[in-house]
Amino acid sequence: MTSTDQTRFPAGGVSAPPAGRRPAGRPSSRRAETRRKWYEIIGLTTPALVVYVMFVLVPMGFAVYYSLFRWRGVGPPTEYVGFKNYTLAFQDPIFLDALRNNAVIVFGSLLIQGPVALGIALLLNRRFRGRAVFRLLVFVPYVLAEVTVGIMWKLILAEGGTVDALLRSLGLGGLVQAWLADLDVVIWTLLFVLTWKYVGFAIILLLAGLSNVPHELTEAAAIDGASWWQTQRHVTLPLLGPTIRIWMFLSMIGSLQVFDVIWVTSVPAVRSLGASGTMATYMVDNGFFARLWGYGNAVAVILFVISFVAALLFQRFLLRRDIEGAITKGAN
Amino acid sequence: MATKRRAGAALALLVTSALVVAGCNSGGEDEASSEGELYKNPVTLTWWHNAPQDGPGKTYWEKVAKDFSALHPTVKIEIEAIETNQLQRTRIPAALLSNDPPDVFMSWGGGEMVEQVEADYLKDITDQVKTEVANIGSAAEIWQVDGKQYGLPFRMGIEGIWYNKDMFAQAGISAPPTTFDELNAAVTKLKAINVTPIAVGAGDKWPAAHWWYNFALRACSVDTLKKASKDKVFDDPCFVKAGQDLKTFIDTKPFQNNFIATPGQNDPTSANGLLANGKAAMELMGDWNRGTLDNVATDKAKLAKFLGWFPVPAISGSAGDPKAALGGGDGFACSKKAPAECVEFLKYIASPEVQKGYAETGTGLPVVKGAEAGITDPALKSILQATSEASYVQLWLDTAYGSTVGTAMNDGIVGIFSGKGTPEQVVAGMKAAASK
């Protein structure tokens, strides 16, 4: 992505021969080449475009359309209410609680997972016996299905469950909480479960980034007398920047849209009291369970707009250098 | 992170169900056959029910479909079994919108059925099922809209309190409470022997909400309740009184700890599990509880020995009818364009023989006179007796008021349980939802 010269031409081996060697009297061959290039572009992008339009853009359009109606999902939508569903959402304290919970998860994930993942990745990047096993173990929670993780933690955190028993056997009985029932505690419990589930992904991403750090640089630093810490701080970390920023981006978008672990681990009552619900669970609770289809679509659109704006801002200010040439600027 | 794709999928659920509307506008018409040519042409009935778990319920419906096809070889029945929440909240609404709905599907009556009838989704079966309706009695009214019959029940019962007889004996409670004063006294006695008096699955919202429903049933007159179901008007002060009575009751601390996160059924940590495994003395629940308790009991024989049932106690000096009860049931309805054979199939399910077989599965109480012979369990027998003695059966309030008001009501009631909400907020939430 750094050298635009190499990426200017589409894949498929259509590279123009040096201009000087092209026979001046055959412009038709150049035209044929251009045409072939377009066939290739159309042939390769059409299937993806069709799928994208059918399953992403059209449903989005429908969502926006339905969100303007008072519609219970019985018969076609007829009762146009304008933006009433949107104002209702922002007047509902439970929706505002969901927004706050999403914010806790977004920032909590970045602040906890980031340093933890970085530390473990740096550790696992060193050579030691059993490294492969550790790398595998760290990644296991990420591979497990969300619903499996949700049910597992629900049982572990249940009253008198594994966590309580463990704390008591360590003499820390005073720390025992109603992990999933205390309305002030539950969001932090869920943040812990989400961290446990997704920190492996951050670690693998950072490990991949670390393997791209040239050996020569760390060697040179070592020759110059830098300690291991100094090498990490001044050589490895700066080179890991793009990977960290991409992880932050994925983590943020995932946290805004998080649904399944919350849905499975936290019971409906606690969600409906605003203690643990997110925008996505609020959407399903209201759209399907309260049968407010128009309203549910409005919440879906709000969720989309928030994620979209967050993604754009992130790209504009933090990912700018990493994706330069790919999105922000056309090939020159 | 990669939840993105899954959360995205959930997000897309709402919008793709909308695509169904746009996409499937064919089929249906060709299946219709008129009354005169019943069983002349081969037809296929698609049947959606809510017993997907392997067990007596699912097996029995398979047998019913097979028997019906054997009786009428022109009819082929295709079953799809879907978990209740999914069936009620997403599959049936989306299928009805699509113009290609199943022919026979579950119906719970009440507010939802009113909306379905208004959208012209259901077949009016009034004239064909007069015999069956007469045999079912007043319970059939739940599947009526404006005096017309749109579905027939196969299971129906009132709710009451399931209790542990052994614990009652230990605590020195001589007879099941008949008034709330006696219930409060029983709670005190059970606490004295260190037993959790009542298990409630407030985590799932509705098991907690049913306590409020019963206080409303006691506080409100039958006329007020009937009017509320019909007009969705909740101005009568008895609805606030229900919340106040509930709050007073919760303040006596009759429930287990952290009930706000306890699920209702299907899991050993649920309220069902607490009663079934001797960790709580009582639970308020419907007639299906006999089967769901069995599912979570570690010792089924022991459960069968200690399990008892009594009706929800009366409140002395209240406006409500002390003999009124809350109840509800499961039924089936035919979609508008379903072939005429569909109605014959509904009648077959509601026939005494099929109902007797259903009662024998032990998954719920039958609705037809003459099917009681299939019931052997003593607790179920006492429910059957109480059902027949009830002066008025009020459909579960959340079903009666429809999902939108029902959800707001249940959320408000959970607020009272959590200590955050007030009785007034429940009613305010219901009124707001009615206009949403």
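So the sequences go chain by chain: Z and E. Under the UniProt record's numbering, the first residue of the first sequence carries the number 1, and numbering increases by one thereafter. Under the UniProt record's numbering, the first residue of the second sequence carries the number 1, and numbering increases by one thereafter. Each residue gets a CB set at the ideal place from its N, CA and C atoms; glycine is no exception. Computed from a predicted structure; not experimentally measured.
Beta carbon proximity, residue i to chain Z, threshold 8 Å
i                : result
Lys420 (chain E) : yes
Ile82 (chain E)  : no
Asp204 (chain E) : yes
Cys24 (chain E)  : In this prediction, Cys24 (chain E) scores a pLDDT of 42, lower than 50, which makes its location untrustworthy; the coordinate-derived value is nonetheless stated afterwards. No, its Cβ sits nowhere closer than 8 Å to a Cβ of chain Z.
Pro91 (chain E)  : In the sequence on display, residue 91 (chain E) carries Arg and not Pro. No, no contact with chain Z.
Asn277 (chain E) : no
Ser270 (chain E) : no
Ala400 (chain E) : no
Gln116 (chain E) : yes
Gly415 (chain E) : yes
Thr188 (chain E) : no
Ser107 (chain E) : no
Thr404 (chain E) : yes
Ala12 (chain E)  : For Ala12 (chain E), the predicted model reports a pLDDT of 48, less than 50, meaning its position is unreliable and no value from the coordinates is stated.
Thr407 (chain E) : yes
Ala119 (chain E) : yes
Where the beta strand (DSSP E) containing residue i begins and where it ends
i                : result
Pro153 (chain E) : 151 to 158
Trp309 (chain E) : 307 to 311
Cys334 (chain E) : 324 to 334
Per DSSP, the bridge partner or partners of residue i
i                : result
Thr47 (chain E)  : Looking at the sequence provided, one finds Trp at residue 47 (chain E) rather than Thr. Its beta-bridge partners are E:Ile79, E:Val104.
Gly174 (chain Z) : According to DSSP, which records beta bridges pairwise, Gly174 (chain Z) is partnered with nothing at all.
Thr196 (chain E) : E:Ala280
Glu79 (chain Z)  : Z:Arg70
Ala314 (chain E) : E:Thr179
Gln144 (chain E) : E:Gln149
Val393 (chain E) : E:Ala325
Tyr213 (chain E) : Its beta-bridge partners do not exist; DSSP assigns none.
Phe249 (chain E) : Phe249 (chain E) is not bridged to any residue.
Asn257 (chain E) : None, per the DSSP bridge assignment.
Trp247 (chain Z) : According to DSSP, Trp247 (chain Z) bridges with nothing at all.
Leu122 (chain E) : E:Ser335
Tyr163 (chain E) : E:Met282, E:Gly308
CB contact check: residue i to chain E, cutoff 8 Å
i                : result
Gly171 (chain Z) : no
Tyr295 (chain Z) : yes
Gly73 (chain Z)  : yes
Pro268 (chain Z) : yes
Leu122 (chain Z) : no
Ser272 (chain Z) : yes
Arg100 (chain Z) : no
Arg291 (chain Z) : yes
Glu159 (chain Z) : yes
Phe288 (chain Z) : yes
Leu167 (chain Z) : no
Terminal residues of the alpha helix (DSSP H) in which residue i lies
i                     : result
Leu207 (chain Z)      : 186 to 211
Phe317 (chain Z)      : 293 to 317
His234 (chain Z)      : From DSSP, His234 (chain Z) is part of no alpha helix (DSSP H); its letter is neither H nor E.
Trp288 (chain E)      : First-last for Trp288 (chain E): undefined, no H or E at that position.
residue 438 (chain E) : The shown model of chain E, from 1 to 436, leaves out residue 438 (chain E), and the question about it has no answer.
His72 (chain E)       : Looking at the DSSP string, His72 (chain E) is not in any alpha helix (DSSP H), and its letter there is neither H nor E.
Trp153 (chain Z)      : 146 to 156
Gly114 (chain Z)      : 114 to 124
Glu424 (chain E)      : 423 to 434
Phe55 (chain Z)       : Here Phe55 (chain Z) belongs to no alpha helix (DSSP H), and DSSP marks it neither H nor E.
Leu179 (chain Z)      : In the sequence as displayed, the identity of residue 179 (chain Z) is Trp instead of Leu. Counting along the chain, Trp179 (chain Z) falls outside any alpha helix (DSSP H), and DSSP gives it neither H nor E.
Asp260 (chain Z)      : 260 to 265
Thr162 (chain Z)      : 162 to 169
Chain-ordered neighbours of residue i on chain E, where CB pairs are closer than 9 Å
i                     : result
residue 344 (chain Z) : No information on residue 344 (chain Z) is available, as it lies outside the stretch 1 to 332 that chain Z covers here.
Ala178 (chain Z)      : Asn257, Asn258, Ile260, Ala261
Where residue i meets chain Z, residues with beta-carbon distance less than 9 Å
i                : result
Asp231 (chain E) : Those within 9 Å of Asp231 (chain E) in chain Z number zero; the least Cβ separation is about 17 Å.
Contacts of residue i in chain Z (Cβ-Cβ under 8 Å)
i                : result
Asn50 (chain E)  : In chain order: nothing, as chain Z lies at least about 16 Å away.
Ala428 (chain E) : Residues of chain Z passing the Cβ test: none, with the nearest at roughly 13 Å.
The ligand SAH heavy atom lying under 7 Å from the CB of residue i
i                : result
Asn295 (chain E) : You won't find the ligand SAH in this model; it holds no ligand whatsoever.
Chain Z residues whose Cβ lies nearer than 7 Å to that of residue i
i                : result
Asp411 (chain E) : Ser272
Lys76 (chain E)  : In chain order: nothing, as chain Z lies at least about 29 Å away.
* Please determine if the stretch 375 to 385 of chain E and the stretch 186 to 195 of chain E are in contact, where contact requires at least 3 C-beta pairs separated by less than 8 Å. => no
* To do: Determine contact between the stretch 264 to 276 of chain Z and the stretch 150 to 159 of chain Z, defined as no fewer than three beta-carbon pairs at a distance below 8 Å.
  => yes
* **the stretch 276 to 290 of chain E touching the stretch 147 to 165 of chain E, judged by at least three CB pairs closer than 8 Å** => yes
* Asked: Within the chosen definition, does the stretch 105 to 114 of chain E reach the stretch 394 to 405 of chain E through at least 3 CB pairs nearer than 8 Å?
  -> yes
* **Residues within the stretch 309 to 324 of chain Z neighbouring chain C, beta-carbon criterion of under 7 Å** => No chain C appears in the structure shown, which is made up of the protein chains Z and E.
* Asked: Should the stretch 241 to 248 of chain Z be called in touch with the stretch 205 to 212 of chain Z, which here means at least 3 C-beta pairs below 8 Å?
  -> yes
* **contact_flag[the stretch 215 to 229 of chain E, the stretch 413 to 423 of chain E] where n(CB pairs < 8 Å) is 3 or more** => no
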